[in-house]
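Residues -27 to -1, 1 to 439 in mature numbering (1 follows the signal peptide of the UniProt record, and there is no 0) are what the sequence shown lists, from first letter to last. Here the structure is laid out as structure tokens; the discussion comes afterwards.
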Amino acid sequence: MVRRFRTLPLRSRLALLVATAVAVAVAAVAVACWVTTRDRLTEQLDTTLSQVKPAEKAIVVLTASCTSGLPGDLQIVTGPYTIQLVSPTGNRPCTLPGKPAIPVQDEDRAVAAGLREDATHTTKAENGTAMRVHTAPVPDRPNLAVSVAVPMAQVTDPLGQLAWVLLAVSGIGVIGAGAAGLWVARAGLRPVDELTEAVEHVARTEDLTVRIPVDGEDEIARLSNSFNSMTAQLASSRDRQAQLIADAGHELRTPLTSLRTNVELLARSDETGRVIPPEDRKALMASVKAQMTELAALIGDLQELARPDAAQPGPLQVVALHDITRTALQRARLRGPELTITDDLAPWYVRAEPAALERAIVNVLDNAVKFSPPRVTIDVRLHRGELTVRDRGPGIPAEELPHVFERFWRSPSARQLPGSGLGLSIVARTVQQAGGEIALRPAPDRGPGTTATIRLPGAPTPPPGM
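This is the structure in structure tokens:
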């Protein structure tokens, strides 16, 4: 049953649940109403019976009937009531002629014996009629009680009519509740239907521009907002992927075209037998080597950006920023032997991904080396978590500073130099994942060059146990 219920549509389940809840509530109210009415009617009937006082003539007639007998055709008008005398020991009561006898109960005999003040109960007469009986002592006649009875139809007939009325009202209420529940379910689930249609449309057409109208601040509105945010993020991600592919193709085309030209020159020389002068051949081979190096670096940067976990940092560790910077300085000095690189590194410990952080610092130093003319000084300083790299190159114009961390962006003055335009983008992402900031500014003394500043949260001393 539960499994079949779960297979029903959601709106059908809601309508069924509403109808069931209303049915239970209506049934509880109907039963409470019926029971209360029954008790009140029975209480009123008992009050009426207790107030009925049989006439003295009826008592005399009944007494005579019990002792000497009376003609069967003697009639005494008592209305709807049945009156009979009860003795403490008598098993068969004395009942007025024309009325069915009512079996004597133990409580009736107890009243006749003076053990109880009165007794009220329900029983059946000899003809099978349900009777409500009230027994009380007969004044001035010891060891004698009189029972006054009336048919229970005075209570059961109105209760039967009430039961049919309650049943009809309950049925109408349950049917109405089911219809109202179905209407409410349809109205309430209309936004869900729109969301389902939108999802199916996206799955069918891959159209991520679909947006669902949001009305209100309820759970459905929150779900619609979440869907709109999800499709917007997916569309943005797809656009970024398309842009990355387009930019990567553009950047790869230049070194590949140059490499292809040089290789074709070497191949044509071998095919035609025309010997390339040693000096030119050496220059061609150096150009091919440089282009291969640039191509490998570009592919490495693209792989770094395209990693599935690139948006999420790797396991963070407490690392010594001054040691990582010192290692990166050693590599930078090898790449720029004609440059003077000074360093002032104070101890600073940060939480970061070691390999990514080292790559970021190497990229910053490589930029400083690449843009610095020969025989100039590059100043590197680390103080209280702020790493500054000051070069003395041509600098970056103020209008170009907002673009330096964009993917594949290269200033016009740097397009003739090797590079992919991805280095600073990778640096910015790594620093942000470590909770830090990076900025490029003109030299503070208004001299030539640019100052790169990286700020990372940390402490000057290592944590215990490191």
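Just so you know, even glycine gets a beta-carbon here, dropped at the ideal spot from N, CA and C.
Taking the alpha carbon of residue i as the point to measure from, which residue in the options has its own alpha carbon closest?
i, options, result
"Val111", "Pro61, Ala74, Ala150, Thr129", "Pro61"
"Ala102", "Pro76, Asp91, Ser260", "Note that residue 102 is Thr in the sequence shown, not Ala. That would be Pro76, whose Cα lies nearest to the Cα of Thr102."
"Pro164", "Ala86, Glu190, Leu181, Leu268", "Glu190"
"Arg114", "Val147, Val400, Ala86", "Ala86"
"Leu22", "Val349, Gln127, Leu162", "Gln127"
"Glu359", "Arg332, Leu429, Gly368", "Leu429"
"Ala171", "Glu192, Ala150, Leu196", "Leu196"
"Ile399", "Arg332, Arg419, Phe344", "Arg332"
"Val(-2)", "Ala208, Arg304, Gly151", "Gly151"
"Asn340", "Pro370, Gly431, Thr423", "Thr423"
"Val119", "Met125, Leu88, Cys67", "Cys67"
"Gln57", "Gly309, Ala109, Thr15", "Ala109"
"Ser210", "Leu229, Arg233, Ala194, Leu181", "Leu181"
"Val349", "Arg365, Lys343, His356", "Arg365"
"Ala176", "Gly408, Gly144, Pro288, Leu207", "Leu207"
"Pro327", "Cys6, Trp137, Val291", "Val291"
"Gln303", "Asp91, Val353, Leu257, Ala269", "Val353"
"Val337", "Arg233, Ile427, Val236", "Ile427"
"Val4", "Ala215, Arg233, Asn100, Leu140", "Leu140"
"Asp130", "Pro186, Thr15, Asn201, Gln24", "Thr15"
"Ala263", "Pro288, Leu232, Arg254", "Leu232"
"Cys6", "Gly133, Glu99, Leu18, Leu88", "Gly133"
"Leu413", "Thr434, Glu372, Pro433", "Glu372"
"Arg363", "Ile351, Ala256, Ala259", "Ile351"
"Tyr322", "Asn201, Ala293, Gln214, Pro346", "Ala293"
Is it right to say residue i is buried, meaning 16 or more other beta carbons lie within 10 angstroms of its own, or is it exposed?
i, result
"Gln48", "Residue placement at Gln48 cannot be trusted, given a pLDDT of 45 that sits under 50; what the coordinates show is reported in the next sentence. Classification of Gln48: exposed, given that the 10 Å Cβ count is below 16."
"Ile272", "exposed"
"Gln406", "buried"
"Trp156", "exposed"
"Met104", "buried"
"Leu117", "buried"
"His174", "exposed"
"His107", "buried"
"Arg419", "exposed"
"Asp212", "exposed"
"Ala1", "exposed"
"Thr55", "buried"
"Arg357", "exposed"
Give the straight-line distance between the Cα atoms of residue i and residue j, rounded to the nearest whole angstrom.
i, j, result
"residue 448", "Gly154", "Since the first residue shown for the chain is -27 and the last is 439, residue 448 is missing from the structure and cannot be characterised."
"Arg(-15)", "Ala158", "9 Å"
"Arg241", "Glu252", "17 Å"
"Thr(-8)", "Thr204", "39 Å"
"Thr361", "Leu397", "15 Å"
"Asp317", "His295", "9 Å"
"Val84", "Gly71", "25 Å"
"Gly431", "Ile297", "14 Å"
"Arg13", "Leu168", "56 Å"
"Ile314", "Pro436", "31 Å"
"Arg226", "Ala160", "57 Å"
"Arg184", "Leu162", "18 Å"
"Glu379", "Arg402", "11 Å"
"Thr95", "Glu192", "59 Å"
"Ala425", "Met265", "29 Å"
"Gly42", "Pro124", "Because the pLDDT of Gly42 is 47, which lies under 50, any placement of that residue in the model is unreliable, and the question is left without a value."
"Pro27", "Val121", "8 Å"
"Pro44", "Pro73", "With a pLDDT of only 44 at Pro44, under 50, the local geometry of the prediction cannot be trusted, and the value read off the model is given with reservation. Rounded to the nearest angstrom, the two C-alpha atoms are 16 Å apart."
"Leu268", "Val187", "49 Å"
"Glu99", "Gln24", "25 Å"
Give the DSSP-derived three-state secondary structure of residue i in the structure shown.
i, result
"Leu229", "helix"
"Gln206", "helix"
"Val50", "Residue placement at Val50 is flagged as unreliable, the pLDDT there being 48, under the threshold of 50; the coordinate-derived value follows with that caveat. Three-state DSSP puts Val50 in coil, outside helix and strand."
"Ile185", "coil"
"Ser143", "helix"
"Glu190", "coil"
"Gly151", "helix"
"Glu173", "helix"
"Gln290", "strand"
"Ile427", "strand"
"Gln17", "helix"
"Thr102", "coil"
"Arg354", "strand"
"Glu379", "coil"
"Val349", "coil"
"Asp282", "Note that Asp282 scores 48 on pLDDT, short of 50, meaning its location in the model is unreliable; the coordinates nonetheless yield the value given after this. Correct three-state label for Asp282: coil."
"Pro164", "helix"
"Pro110", "strand"
"Arg402", "helix"
"Gln389", "Any reading at Gln389 must be qualified, since the residue scores a pLDDT of 48, below 50, and its modelled position is unreliable; no value is offered."
Within the 7 Å Cβ cut-off, does residue i reach chain C?
i, result
"Asp166", "Absent here is chain C; the protein component of the structure consists of one chain."
| message | For a minimum of 3 consecutive residues, which ranges assigned as the beta strand (DSSP E) are wholly contained in the stretch 295 to 342? | response | 313 to 318, 322 to 325
| Whole beta strand (DSSP E) elements within the stretch 59 to 94, 3-residue minimum | none
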